[in-house]
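Q: Structure in structure tokens, see below.
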Amino acid sequence: MANRQRFPDGAIVMTSLELDGFLLFISRLTTNNDLTKFSEALSSNPLHLYVKLQKIKNAMDAETMLVDTILSKHTLSEIVATLYNSKYSYLAEILFCCYQQCQQKASIIRMNKTQTENRRKISLYFRDIKKLVHDIAFKNPHADVNRLSNIMKLNIEREINPVRKMYLCDKYTALKAAEMDALINITGRVSPDHEGYVEMESFINSTSAPSISQVILYGRKADVLSTDGRFTEGEDLLRAAYVAADNSLPCVEITDMIYKNVVFKLSQFEQFPTEELRKSLFLEASRGIWSLNDESEDMRIFWKRLFILRMAFCLLGIGKLCDMIDIYVPSTKSITEAERLLECDDLKDMEHRRMMFYHIAKSRLHQLKSDVNESKTCLQMARILAKEGNYAEDKALEKYQETIGCLQERSYSPECSSFDSVTETSQIVDDVPSVTISFNSLEFISD
261 MANRQRFPDG
271 AIVMTSLELD
281 GFLLFISRLT
291 TNNDLTKFSE
301 ALSSNPLHLY
311 VKLQKIKNAM
321 DAETMLVDTI
331 LSKHTLSEIV
341 ATLYNSKYSY
351 LAEILFCCYQ
361 QCQQKASIIR
371 MNKTQTENRR
381 KISLYFRDIK
391 KLVHDIAFKN
401 PHADVNRLSN
411 IMKLNIEREI
421 NPVRKMYLCD
431 KYTALKAAEM
441 DALINITGRV
451 SPDHEGYVEM
461 ESFINSTSAP
471 SISQVILYGR
481 KADVLSTDGR
491 FTEGEDLLRA
501 AYVAADNSLP
511 CVEITDMIYK
521 NVVFKLSQFE
531 QFPTEELRKS
541 LFLEASRGIW
551 SLNDESEDMR
561 IFWKRLFILR
571 MAFCLLGIGK
581 LCDMIDIYVP
591 STKSITEAER
601 LLECDDLKDM
611 EHRRMMFYHI
621 AKSRLHQLKS
631 DVNESKTCLQ
641 MARILAKEGN
651 YAEDKALEKY
661 QETIGCLQER
671 SYSPECSSFD
681 SVTETSQIVD
691 DVPSVTISFN
701 SLEFISD
């Protein structure tokens, strides 16, 4: 759902896919009440728009009237955003899913059955290698995934079957993405020109779906640019990623890119914590969750929890690398909403890295609710996990630990001192949950 260019007169050229998605959406508004709500959200003259929508629904010059009425003035993304931020946010999900359904049908027509089945296998592979990295299933995630990548590259060079070679390139791209993710987990930042990204780019045209490979690459490069505050360059890459996504079959790789955009917006929020940015982040996170509607339950839960945690971070004023956003003071409403999100059932039995995020969010929540002891306990858990995974976020957690220590000591002594993390965390190491993940999905795709 890429943003379209406007002509000087303000008109927008909409794709046939977007028109199809919108017409399907109008047909799905089963009651006049829904049409009324949509008209109220989109127009300063809702009655006039309602009459036209009724005619569209009755297929009276639908496409021409639709363009004249709405789509020549608003992009589909703008309409989704307007609905999401209105009293009728459920309509935004319906519209997004209608567009995605039309996109999926169009993509399947372009792809044969074998291609579609293999794409699903690649999506599972992509999910599972990401899960293994997040759960520190490897002794040294970056080095171990790098070794797997090198082995895969040798297999590609030796493979003579062009179809099999193409799908090995798909797996290689997924491995390189996981390798770079593992590196960032440890270092916190890398250059967008890192040789790992250069290597990924060199294989894009050799994969079965180059547009999806672009989605994977561009989302990651935008993410690392945001860490350095290079938001304009990152936004250009994200726009390119969404254009590539529009030319692809809906898949979890696109969901992953949407997640990268959420993290990108969180980096922006650290610098400029405005309500407008918060709404934009929440809309993008919701789009990511909506994109999972047709996925399996385990796939849906794995990705949904990523979005929920980052939404909670935003509400609580926690940055991308777990720094507390000093220039942001969460409102009572934000604290209540964050607490609701953190009670979600989908956050149970999470992967190692996600559990660290969960505990830091809970620590911050308890601190904001003036429960310093519980905040301290959650922070201890977060630091144990951070040290086990050698995560870059531990630096920010150490700083936050000093803050919590000061809050606790303040009631006993005029001098502020932090608690002893080594002795106090050692008592609760056994409470840290672990998750066992099968490596079966890392087998090669059979001929």
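Counting the sequence shown from 1 gives a position; the numbering used here is that position plus 260. For glycine and all other residues, C-beta sits at the position ideal for the given N, C-alpha and C.
1. Exposed or buried, Lys-659, counting other C-beta atoms within 10 Å across all chains shown (16 or more means buried)?
2. Is Phe-567 closer than 8 Å to Gln-528 when the C-beta atoms are compared?
3. Which residue comes first and which comes last in the alpha helix (DSSP H) that contains Met-615?
4. Once DSSP output is grouped into helix, strand and coil, what is the label at Ile-578?
5. Where do the N-terminal and C-terminal ends of the alpha helix (DSSP H) with Asn-345 fall, by residue?
6. Restricting to Cα atoms, I'd like to know which of Arg-600, Lys-539, Gln-661 is closest to Asn-345.
7. Just to confirm my understanding: we take Leu-289, look at its own chain, exclude 5 residues before and 5 after, and list those with CB closer than 6 Å. What are they?
8. Kindly give me the distance between the Cβ atoms of Val-632 and Ile-664, rounded to whole angstroms, as I take these residues to be in contact under 8 Å.
9. Excluding the five sequence neighbours on either side, which residues of its own chain have a C-beta within less than 7 Å of the C-beta of Leu-569, listed in chain order?
10. Out of Asp-483, Glu-278, Phe-398, Ser-349, which one is the CA nearest neighbour of Tyr-519?
11. Output needed for Ile-396: all residues of its chain with C-beta closer than 8 Å, excluding positions within five of it in sequence on either side, in chain order.
12. Give a yes or no on whether the C-beta atoms belonging to Ala-656 and Asp-554 are separated by under 8 Å.
13. Under the rule that 16 or more other beta-carbon atoms within 10 Å means buried, what is Ala-598, buried or exposed?
14. Determine the contact status of Ile-595 and Ile-585, defining contact as a CB-CB distance below 8 Å.
15. Which one or two residues does DSSP pair with Met-584 in a beta bridge?
16. Where does Asp-680 land, buried or exposed, given buried means 16+ other C-beta within 10 angstroms?
17. Output needed for Arg-387: all residues of its chain with C-beta closer than 7 Å, excluding positions within five of it in sequence on either side, in chain order.
18. Could you check if Leu-498 is buried or exposed, using at least 16 other CB atoms within 10 Å of its CB as the buried criterion?
19. Taking the straight line between their C-alpha atoms, what separation do you get for Leu-702 and Phe-356?
20. So Leu-435 and Asn-415 are in contact, right, with Cβ under 8 Å, and what is the actual spacing, rounded?
21. Could you check which residue in Asn-465, Ile-354, Ala-341 has the C-alpha nearest to that of Ser-551?
22. Tell me the residue span of the alpha helix (DSSP H) that contains Pro-401.
23. Please classify Ser-276: is it buried, with 16 or more other beta-carbons within 10 angstroms of its beta-carbon, or exposed?
24. Look at Arg-547 and Met-610 and say whether their C-beta atoms are less than 8 Å apart.
25. Classify Ala-505: buried if its beta carbon has 16 or more other beta carbons within 10 angstroms, exposed otherwise.
26. With distances taken from CA atoms, which of Leu-384, Arg-424, Arg-407, Ile-411 is nearest Ala-442?
27. Give me, in chain order, the residues of the same chain whose beta-carbon lies closer than 8 Å to that of Glu-537; leave out the 5 immediate sequence neighbours on both sides.
28. Assuming the contact rule is C-beta atoms closer than 8 Å, Met-426 and Ser-383 should be a hit. Round their C-beta distance to whole Å, please.
A: So, from the data block:
1. Exposed.
2. In terms of Cβ geometry, Gln-528 and Phe-567 do not form a close pair [threshold 8 Å].
3. Start and end: 612-628.
4. The answer is strand: DSSP assigns Ile-578 an E or B state.
5. Here Asn-345 belongs to no alpha helix (DSSP H), and DSSP marks it neither H nor E.
6. Considering only Arg-600, Lys-539, Gln-661, the residue with the shortest C-alpha distance to Asn-345 is Lys-539.
7. Closer than 6 Å at the Cβ level, and outside the excluded window around Leu-289, lie Leu-295.
8. Going by Cβ atoms, the distance from Val-632 to Ile-664 rounds to 6 Å, so yes, they are a contact pair.
9. Arg-614, Phe-617, Tyr-618, Ala-621, listed in sequence order.
10. Looking at the Cα atoms, Asp-483 is the closest of the given residues.
11. Only His-612, Arg-613, Glu-648, Gly-649 meet the Cβ criterion.
12. No; because the gap between Cβ atoms is not below 8 Å, this pair is not in contact.
13. When all chains shown are included, Ala-598 counts as buried.
14. Judged by beta-carbon spacing, Ile-585 lies beyond the 8 Å limit of Ile-595, meaning their Cβ atoms are not closer than that value.
15. Answer by DSSP bridge pairing, in chain order: Ile-578.
16. At Asp-680, the pLDDT of 43 sits below 50, so the modelled position is not reliable and the matter cannot be decided from this model.
17. Only residues of its own chain outside the window of five on either side were considered, and among them Val-512, Met-559, Phe-562 have a CB closer than 7 Å to the CB of Arg-387, listed in chain order.
18. With 16 or more other Cβ atoms within 10 Å, it is buried.
19. With a pLDDT of 44 at Leu-702, under the threshold of 50, the modelled position of this residue cannot be trusted, and the question is left open.
20. No, Leu-435 and Asn-415 are not in contact; Cβ-Cβ is about 11 Å, not under 8 Å.
21. For Ser-551, the nearest C-alpha among the options comes from Ile-354.
22. Run containing Pro-401: 401-418, per the alpha helix (DSSP H) assignment.
23. The residue is exposed, with fewer than 16 neighbouring Cβ atoms inside 10 Å.
24. With a cutoff of 8 Å on beta-carbon distance, Arg-547 and Met-610 are scored as not near each other.
25. Under this definition Ala-505 is a buried residue.
26. Among Leu-384, Arg-424, Arg-407, Ile-411, the Cα nearest to that of Ala-442 is on Arg-407.
27. The question names Glu, yet the displayed sequence has Leu at residue 537. Taken in chain order, the residues that qualify are Lys-525, Gln-528, Phe-529.
28. Actually they are not in contact, since the Cβ atoms of Met-426 and Ser-383 sit about 16 Å apart, beyond 8 Å.
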